[in-house]
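Residue numbers (UniProt numbering): 1 to 1145.
Glycine residues also receive a C-beta, built at the ideal position from the N, C-alpha and C atoms.
Computed from a prediction, not measured in an experiment: that's the story for all the values here.
Since the structure comes first, as structure tokens, the remarks are kept for the end.
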Amino acid sequence: MERSPGEGPSPSPSPMDQPSASSDPTDQPPAAHAKLDPGSGGQPAGPGAAGEALAVLTSFGRRLLVLIPVYLAGAVGLSVGFVLFGLALYLGWRRVRDEKERSLRAARQLLDDEEQLTAKTLYMSHRELPAWIVAQVWPFLGQYMEKLLAETVAPAVRGSNPHLQTFTFTRVELGEKPLRIIGVKVHPGQRKEQILLDLNISYVGDVQIDVEVKKYFCKAGVKGMQLHGVLRVILEPLIGDLPIVGAVSMFFIRRPTLDINWTGMTNLLDIPGLSSLSDTMIMDSIAAFLVLPNRLLVPLVPDLQDVAQLRSPLPRGIIRIHLLAARGLSSKDKYVKGLIEGKSDPYALVRLGTQTFCSRVIDEELNPQWGETYEVMVHEVPGQEIEVEVFDKDPDKDDFLGRMKLDVGKVLQAGVLDDWFPLQGGQGQVHLRLEWLSLLSDAEKLEQVLQWNRGVSSRPEPPSAAILVVYLDRAQDLPLKKGNKEPNPMVQLSIQDVTQESKVRATTSLSGARWDRKRPVLEVVSPLECLLCVRFSGETGVVLWYTPLIPPPHLQAVYSTNCPVWEEAFRFFLQDPQSQELDVQVKDDSRALTLGALTLPLARLLTAPELTLDQWFQLSSSGPNSRLYMKLLMRILYLDSSEIRFPTVPGSPGAWDADSESPQRGSSVDAPPRPSHTTPDSQFGTEHVLRIHVLEAQDLIAKDRFLGGLVKGKSDPYVKLKLAGRSFRSHVVREDLNPRWNEVFEVIVTSVPGQELEVEVFDKDLDKDDFLGRCKVSLTTVLNSGFLDEWLTLEDVPSGRLHLRLERLTPRPTAAELEEVLQVNSLIQTQKSAELAAALLSVYMERAEDLPLRKGTKPPNPYATVTVGDTSHKTKTVSQTSAPVWDESASFLIRKPHTESLELQVRGEGTGLLGSLSLPLSELLVADQLCLDRWFTLSSGQGQVLLRAQLGILVSQHSGVEAPSHSYSHSSSSLSEEPELWGGPPHITSSAPELRQRLTHVDSPLEAPAGPLGQVKLTVWYYSEERKLVSIVHGCRALRQNGRDPPDPYVSLLLLPDKNRGTKRKTSQKKRTLSPEFNERFEWELPLDEALRRKLDVSVKSNSSFMSRERELLGKVQLDLAETDLSQGVARWYDLMDDKDKGSS
């Protein structure tokens, strides 16, 4: 890396660049220091006189070279224009060169100070993009709100009631704290014509709005407000014209939390009882407008099709919730002032969004049996949750017994979930059976569904076979009321004993006001007078109608019309569509005058295409031209037949038992039997994992030069590795010819002969990296020997050698050693490396069958995508078939088999998702030979896929080498000169079985039981290669519960005698548990002799309350490191003690 003497930070007006020019004199090039020091008598502070003379001669020589082209041009007789042209070319080249150099210097400065600059420009100045935009807009939004309330809302309130004629807003300030968007989550993999975002909204504002009714000396207002929730924004549909997005839908997935600080007369609303009532009423108003299934739709283009369907889309599916029973509930009833303990009178509340169901009360029972069934509509996946709360019924206030929550996405993936779910915040379990019912437009499935429902015992309502969605659009030429007055029409829709009503709709021209489509809506109509729903006239641009919320008395006549527009949606559950009817009544808002009626047998929908009717319907008992426009959609509720006939383990993702279904037979030739298992080739599952440890290098050549090459520097080396089509790169070690990387890389390899591991060493430079050498290792040699630990000479360079350790890991089909492997990986994990793999997953995708057709008739072009973590594999695409055969395999490195899952999606080119499957790898851990080989049903309910998933545990046979033993005492503090393998703890000095024996002995279930305060599991050792003390906090068990609810524990570590923040470490916090798992690693950089003089103070704490900063101490233990064998590095349980009685155990 060559640096010229003239290099230095160029001046720039940017505030970002100015500090760097003088921040550190060591950043200046060496020539910058070769100046005369005024305080040193004018003696030169840089090179000697010979060096200065050489520099002058070099400069003079360069100027002579510049004159040579001028002399040649004159000698040849060329015009002076050629000279000027050449000069222009040179100046242009020089300018571009300087720009590049400045850009490189700026980039280097940014890279060196990346963390500081990020904190300074993004967080310290609060310029995150969403927050910055909102902060910029917030003052102007405040001005707009002040104008709106004073000029529009206040006159409307004064005109609504004679007693409010002196109503006025005395103060309107939104404050200085704007609304914050603290997180944006994008949900990929949804429909192609939409973009789905979740915005985490948090508003803790200092808003102040004061109102006054001067006639009655009444003042009220709001001073401060909090609103927190997740707002889902859907950009749909995406169109091929500006503005690209056709409409924006917004809604809260769950009810947001709201807290309002009232002032004046409204302080009365903070009275207990009134406070919850007022907040509930406000939240109910918000929920009725902006919480699922309600949503706010803002069309961005005119004449958008299916606006009503966008405002009220079809549900994603139906979940049938069987609330079966509960057990082990806590007793809440007390008698004789608590001396006699009774039982409880439990009942359950089941919620999904705004849908709530209450079970019956079971008197005096701690193990109630409800046996009730509810059906809920699921509108958004992911996002919505099923919530079950259990209460004890009391005359005054019902006691809380516990709750459980479950994401509906898990029900969608599993199809059927039948399990006992633990209650959080209490004790006991609740038994639920959850069934995902898909919505099908196939009438042929109805008879099968009805037959199944007849055998299902359900209360309080019989099971539904279908749903009906009615999109009520508009009516025309309704009859007039008496006196030729136009009515205020509304609609009642009924199926059996279920009746739903529309809002009262009206049409007006707003006094004939002309409408500019770019004009703000709220300038024309007050938001307290109406909810504005605008429809334009295509030619005149006149507003045709708007929708009132609360019709003011003085505007009653304006809302009358006989051509109303509703654009509302209604949903009904149907038990037997073949015999039920839809009854529609169009009435005046008084409900006394009927303007028209319609009775529609639902059996008519069963013969319609796609079970859909979209047309005008003639009204009876009405005018001759009176008619109603509606769109009716019916969908059959279908539970996958394979899950009905072949129930599997609760929560498993739709297993299909091929052996229990005989092959169908044709009329003359027997169909070939469907294979029950895969038939992979002999090479499947024979892969190995090569663990490559790049340790260090020695005697590398120096590539950096300074002062035009006069001063020799060092190098900034890093390593590149290539093997089996994969490439890896180590981190850069600055200014070192004997670097230590100590990094681990893992790659999946096969035993194909001829493969080589290619290793290259480079010097990192700003322009082009310099080559420092290469070497190659035969993969066959490593696979045959199983282990290789060598210093390799670098080729094509004068000097240098590289230290590598290579180990072959062969997967084992047994889960018995998984915990030991995870423990060993945590010990040998290096700071610079990614998390080590504990297992290898091999997946063979053979075929699929019964995939859904395109548009109901055409076969798709299917392909499959298998994803584990951030690694994916895509199969080939098979053309024009619903039964593709892929015959492909893929392998994945698994780091946490207990928590990772295999995600499979079957897609069709041009048709999108055909079905998906989620297989938790924890199911493989309990399977025979860690392998599942069968048909799996896709989550769409249509189609199966035959695959083989095989897991192998990666057990290291060479987790250590012989190393000199250390006597860890006060008198011996010498460190080993030889580097330990894997950069791990120095105790790993023998074969892996010995280490695993120690780990198994420590974690044996025959250990002594935990003490009264519980235990904490720690691993502590000294990492001699990096001169660090390392501790892993694995978890706790049997912690003390002081209050009614379980604690929120975390672990705090302090290296005594220092009590400053420099030695303090803290784990993350776990919610409501007595046995938290952390598995977090902490390091302290200090010499061994100093570590032996320290004590490690470990405290398990919990937050005492939401509003308090105090922390409740659950227990602590203090380890004297001088008495702890830091060479062992073994996980061990320690009994927690009180603050007065602490010590290791």
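Remark: C-beta atoms of TRP436 and VAL411 approach each other more closely than 8 Å.
Taking the CA atoms as reference points, LYS223 sits about 57 Å from PRO1087. Within the same chain, Cβ atoms closer than 6 Å to the Cβ of TRP741 are found at VAL694 and SER730, the five residues on either side in sequence being excluded.
When DSSP assignments are scanned along the UniProt domain "C2" (300-421), the uninterrupted stretches of beta strand (DSSP E) that are 3 or more residues long and fall wholly within it turn out to be 317-327, 346-352, 355-358, 369-378, 385-392 and 399-407.
Cα atoms of ASP870 and ASP198: separation of roughly 21 Å, rounded to the nearest angstrom. By alpha-carbon distance to LEU914, the top candidate from ARG311, LEU851, PHE289 and SER285 is LEU851. For VAL759, the CB contacts under 6 Å within the same chain, skipping 5 residues up- and downstream, are LEU721 and CYS775 in chain order.
Residue pairing by DSSP places TYR471 opposite ALA569 and LYS631 in a beta bridge.
Under the three-state reduction of DSSP output, HIS693 falls in the strand class.
The criterion of a C-beta distance shorter than 8 Å is satisfied by GLU743 and LYS832. A distance below 6 Å between beta-carbons, with the five flanking residues on each side excluded, links ASP933 to the following residues of its chain, in chain order: HIS677, THR678 and ARG948. Within the same chain, and ignoring the five residues on either side of ASP770 in sequence, the residues whose Cβ sits closer than 6 Å to its Cβ are LYS703 and ASP763. In the three-state reduction of the DSSP assignment, PRO920 falls in the strand class, which pools E and B. If you look at ALA848, you'll find it in the beta strand (DSSP E) that goes 839-849. Secondary structure in the region 775-819: the alpha helix (DSSP H) runs of 4 residues or longer, each lying completely within the stretch, are 779-785 in chain order.
Spanning the alpha carbons of THR607 and PRO1076 requires a straight line of approximately 58 Å.
When rounded, the separation of the alpha-carbon atoms in LEU574 and VAL586 is 22 Å. In this structure PHE1078 does not touch VAL1020 by the C-beta definition: roughly 15 Å separates them, more than the 8 Å allowed. Per DSSP, PHE60 is one residue of the alpha helix (DSSP H) stretching across 49-76. The Cβ-Cβ distance between GLY328 and GLY428 falls below 8 Å. Every unbroken stretch of the beta strand (DSSP E) spanning 3 or more residues and falling wholly within the region 691-762 is given here in chain order: 717-723, 726-729 and 740-749. For GLU447, the enclosing alpha helix (DSSP H) begins and ends at 446-454. Under the DSSP assignment, SER1099 falls outside any alpha helix (DSSP H), being part of the beta strand (DSSP E) whose first and last residues are 1095-1103. Nearest C-alpha to TRP935 among GLY908, GLU849 and ARG734: GLU849.
A direct Cα-Cα distance of roughly 16 Å separates ALA603 from SER494. Counting along the chain, the unbroken beta strand (DSSP E) around SER202 starts and ends at 195-213.
Annotation: the continuous beta strand (DSSP E) that includes GLY183 extends over 180-186. The criterion of a C-beta distance shorter than 8 Å is satisfied by LEU149 and PHE169. Beta-carbon to beta-carbon, LEU637 and SER441 are separated by about 12 Å, too far to satisfy the 8 Å threshold. In this structure the region 772-786 touches the region 745-759; the number of beta carbon pairs closer than 8 Å is three or more. Look at LYS147 here: in three-state DSSP terms it is helix. Annotation: the continuous alpha helix (DSSP H) that includes GLU1090 extends over 1088-1091.
The beta-carbon separation of SER626 and PRO489, rounded to 11 Å, does not stay under the 8 Å limit for a contact. Taking CYS931 as the centre and dropping the five residues before and after it, the same chain places the C-beta of GLN950 closer than 6 Å to its C-beta, in chain order. When C-beta atoms of the region 681-700 are compared with those of the region 796-806, three or more pairs fall below 8 Å, so the two segments count as touching. Residue pairing by DSSP places GLN429 opposite ARG327 and PRO422 in a beta bridge.
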